[in-house]
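Report on the following structure.
2 protein chains.
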Amino acid sequence: MPTEKRLPRRQFLVAGAGVVGALTTGALQSAAQDAKKPEVEAPVGKAPDVKVPEAKALPPYVSWKRADAVIVHSPETIEMKRGYGGTSVITPNDVLYIRNNVPAPDAAIVADRDAWKLSVEGVGTPKVLTVSDLKALGLESIASVLQCSGNGRAFFDHKPSGTKWTVGAAGCVVWSGVPVRVVVEALGGITPGAGFMTSTGGETLPDGLDPKTLIVERSVPTGAIQEALLAWEMNGEPLSLAHGGPLRIVIPGYHGVNNIKYIKRLAFTPVESDAKIHKTGYRLHAVDAKSAPEQPSMWEMPVKSWVTSPLKDAKTGRVQITGVAFGGINAVNAVEVSVDGGKTWAAARFVGPDLGRYAWRQFVLAADLKPGSYRLVSRAIDAKGTVQPEDFPTNGSGYGHNGWRAHGVDVTVV
Amino acid sequence: MPTEKRLPRRQFLVAGAGVVGALTTGALQSAAQDAKKPEVEAPVGKAPDVKVPEAKALPPYVSWKRADAVIVHSPETIEMKRGYGGTSVITPNDVLYIRNNVPAPDAAIVADRDAWKLSVEGVGTPKVLTVSDLKALGLESIASVLQCSGNGRAFFDHKPSGTKWTVGAAGCVVWSGVPVRVVVEALGGITPGAGFMTSTGGETLPDGLDPKTLIVERSVPTGAIQEALLAWEMNGEPLSLAHGGPLRIVIPGYHGVNNIKYIKRLAFTPVESDAKIHKTGYRLHAVDAKSAPEQPSMWEMPVKSWVTSPLKDAKTGRVQITGVAFGGINAVNAVEVSVDGGKTWAAARFVGPDLGRYAWRQFVLAADLKPGSYRLVSRAIDAKGTVQPEDFPTNGSGYGHNGWRAHGVDVTVV
């Protein structure tokens, strides 16, 4: 893979100066580009007044992505177009979204994958393990939805800053690696009193700045280790640099930001990380409030669904309405579809194999539609009976939108 | 995709002259190349005296395959290297094997996928349906093992002609399409007395030859329609030309040759096809016998498994022995691993999600191995209790090898 171009120092300094809601260099680049670029038509399924930046070329480190299937918001934020993920449960690697908080490290780190080192701390016998050591400890694979906290941001009316994702900052993939619990057992268990699992990314940070303002480090409650995986493979391929290779932690059911790429340190700690991205970043707060540690962190994902086809036009007669539905931290149990914007609902059918609690399900509803205009929406119900809500509260950074109403699409049947 | 080069007429004429055991132009090319090329070291897991042809470059129509992960036997026969399919259940598109009996049609046929036509015959209301029509009828997805009848041919001692596949003419993928039974129901059901479902491929055949000698057409018992799919998608991507796009029939549990690519005709017939590839091709027969219609056809696949890692060396201590196991027409229930060539066995553990009856399962056995030489073998047991056999009978064309002994690998632990 080509070597990632280093970001100019100047942009790091801007980030270091503290821009609320735009912590990251990627977001800064995106914001800078948004200001310069002309705007083009709204994507399918978006209100026509929501503007998106003009299409950009794929950056070299992800030149292998399918250019026709993605929207390049910035070099660090690349969205899968709605309806381009197929109906085969698993999202292909070459269309899966990209969201890097800091540019990817040099591609040299994937030249000798097995040599990558992880420091495990806060256990009986702290130790530095290579990927090769981890591979000898165990093997598991798990399917899970990977979704950015900001997926759906474009559907908020208050125009929060940050990438205007609609539905394409999400995918369902299969990971292979060693369970964190197996590693912890091999190292004598978690130190008593450690309530959090803290993961640190191996991105290269510039000298002369407080690393806490830029380092990609997140804590989650220790309970999450039951399902967490230290993964070296995604969808049967060695984990690419773009998606966090050689080693990434996967915490099924948790928002993407917690699935730290290029993980170099896994620590069981009594307190949460004080890195800016964790301490105040990725928090749900009111539009007029500043981010703060006491606000909810973007941890567990809630139930969500959306329609993937048709998105614009359909031929009168039998129309197969398809989409994806997932329960986030819980399994998804059912999904309903409405063709009249939510006035009436019909149960959709799940399609294909069930890949487990953290995977999404494809769904289909066959509807006989006469010529006319239709508003297609879907709402999922998780295994605890929680129904996907009609709306999601406005919040400062535009996180966590799972309201079914805004995710609907207007379709003309002719 | 680039336009497929047309095969010179001369080669078709040779095939038309009737070469037993080398029905296909691909096999003819391969055989011609074998005669000229120097031979190189046997692949991992092969007896050292089994020669394979020198590595060739990827042909243009599959230039998107991972060159490092495949063995190009000929332009129409490309094998996945052992151990390159990952441990994430699904085989990535860019490593999945290729076996075309006749060169793929011109890429023009995937320029407007929805316009591809299928003639459905032997039903209440015979009809020509486009892919667009089929998409309106229904949607299902299914995971299944795709495996060439000749997979394992290299393990026979009598050196049958044909591609010397070891284990890499197999993969597990997810297909999306419309169930054949839904199409049949929509067209008034199967004509009484039709015991076979006959699929015809849309390959371009040269003028002036009896098409029956070259056409890719196979019959299967009508009962197979319960699970059969007319598929337009594989692993979330529109079905590539190389793998049979725009439309392929998928008959889960049946050998690859029955899963006709570029399907242009689906007929329910009282008798089996008289095309050469069906009438006498793909038959199990004694080495000194000629192929004949009364011999067993390569229809349902039996239970099978093999080790995928380690394949050569391993570090002493805990070694994770991995592999794949499937039941073919039945689900797979269990798999055992031996490190002493089959003297003693231990139950392996299935890894990751179960994608259903026709998918394979990844397995793992953690073994503590001292320095020394080991012969790793695996044997699977299907849902009916059938155990993968130690050997498989020698047969003229080298089909159907599922004997566990020959599939083993010699590993040195240091």
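Listed in order, the protein sequences are those of chains A and B. Taking my numbering, I'd label the letters of the first sequence as residues 12 to 425. Taking my numbering, I'd label the letters of the second sequence as residues 12 to 425. Ideal placement from N, C-alpha and C gives every residue a C-beta, glycine not left out.
Boundaries of the alpha helix (DSSP H) around residue 290 (chain B): 287 to 290.
Taking C-beta atoms under 8 Å as the contact rule, residue 160 (chain A) and residue 267 (chain A) qualify, at a distance of about 7 Å. Note on the stretch 187 to 235 of chain A: whole beta strand (DSSP E) runs with a minimum of 3 residues are 207 to 212, 228 to 232, in chain order. At a cut-off of 8 Å between beta-carbon atoms, residue 328 (chain A) makes contact with chain B. Comparing C-alpha distances from residue 341 (chain A) to each of A:86, A:168, A:313 shows the shortest one belongs to A:313. Apart from the 5 residues on each side of it in sequence, residue 361 (chain B) sits with its Cβ closer than 6 Å to the Cβ of 372, 374 in its chain, given in chain order.
Within the DSSP bridge table, the entry for residue 156 (chain B) names B:183 as partners. The Cβ of residue 150 (chain A) sits closer than 8 Å to at least one Cβ of chain B. Every unbroken stretch of the beta strand (DSSP E) spanning 3 or more residues and falling wholly within the stretch 260 to 333 of chain A is given here in chain order: 274 to 280, 315 to 320.
Between the stretch 383 to 394 of chain B and the stretch 318 to 335 of chain B, the count of C-beta pairs closer than 8 Å reaches three or more; the two stretches touch. In this structure, residue 240 (chain B) sits away from residue 226 (chain B), with a CB-CB distance that is not shorter than 8 Å.
Using a Cβ-Cβ cut-off of 8 Å, residue 246 (chain A) counts as an interface residue toward chain B, since at least one Cβ of chain B sits closer than that to its own. By the rule that beta-carbons nearer than 8 Å mark a contact, residue 138 (chain B) does not touch chain A. Apart from the 5 residues on each side of it in sequence, residue 304 (chain A) sits with its Cβ closer than 6 Å to the Cβ of 290 in its chain, given in chain order. Using a CB distance below 7 Å, the part of the stretch 151 to 162 of chain B facing chain A consists of 151, 152, 153, 154, ordered along the chain.
Put simply, of B:424, B:171, B:276 the residue whose alpha carbon is nearest the alpha carbon of residue 134 (chain B) is B:276. Here residue 249 (chain B) carries a strand assignment [DSSP, helix/strand/coil]. Excluding five sequence positions before and after residue 377 (chain A), the CB atoms of its chain that fall closer than 7 Å to its own CB belong to 329, 331, given in chain order.
Residue 297 (chain A) sits exposed, since fewer than 16 C-beta atoms from the chains shown fall within 10 Å of its C-beta. The alpha-carbon separation between residue 278 (chain A) and residue 120 (chain A) amounts to approximately 22 Å. The Cβ atoms of residue 130 (chain B) and residue 97 (chain A) do not sit closer than 8 Å to each other. Residue pairing of residue 138 (chain B) in beta bridges, as defined by DSSP: B:131.
Assigned with DSSP and collapsed to three states, residue 172 (chain B) falls in coil, not helix or strand. Of all residues in the stretch 93 to 122 of chain A, only 96, 97, 98, 99, 100, 101, 102, 103 place a beta-carbon less than 7 Å from a beta-carbon of chain B. For residue 363 (chain A), the chain B residues whose C-beta falls within less than 8 Å of its own C-beta are 151, 152, 153, 154, 185, 187, listed in chain order.
Judged by pairs of C-beta atoms under 8 Å, the stretch 161 to 171 of chain B touches the stretch 402 to 419 of chain B, as three or more such pairs exist.
From the listed residues B:190, B:401, B:78, the smallest Cα separation to residue 316 (chain B) is found for B:401. Inter-segment contact for the stretch 150 to 160 of chain B and the stretch 255 to 272 of chain B is present: three or more beta-carbon pairs are separated by less than 8 Å. The alpha-carbon of residue 405 (chain B) is positioned some 28 Å away from that of residue 368 (chain B).
When the five nearest sequence neighbours on each side are left out, the beta carbons in the same chain lying within less than 8 Å of the beta carbon of residue 302 (chain A) are those of 31, 32, 291, 292, 294, 296, 407, 408, in order along the chain. Taking C-alpha positions only, residue 230 (chain B) is separated from residue 319 (chain B) by approximately 33 Å. Between the beta-carbon of residue 92 (chain A) and that of residue 80 (chain A) there is about 6 Å, and that keeps the pair under the 8 Å contact cut. In chain order, 149, 150, 151 make up the part of chain B whose C-beta sits under 9 Å from the C-beta of residue 375 (chain A). The beta carbon of residue 179 (chain B) does not come within 8 Å of any beta carbon belonging to chain A, so the residue lies off that interface. Taking CB atoms only, residue 277 (chain B) has no neighbour in chain A less than 8 Å away. Just so you know, the alpha carbons of residue 339 (chain B) and residue 184 (chain A) end up roughly 25 Å apart.
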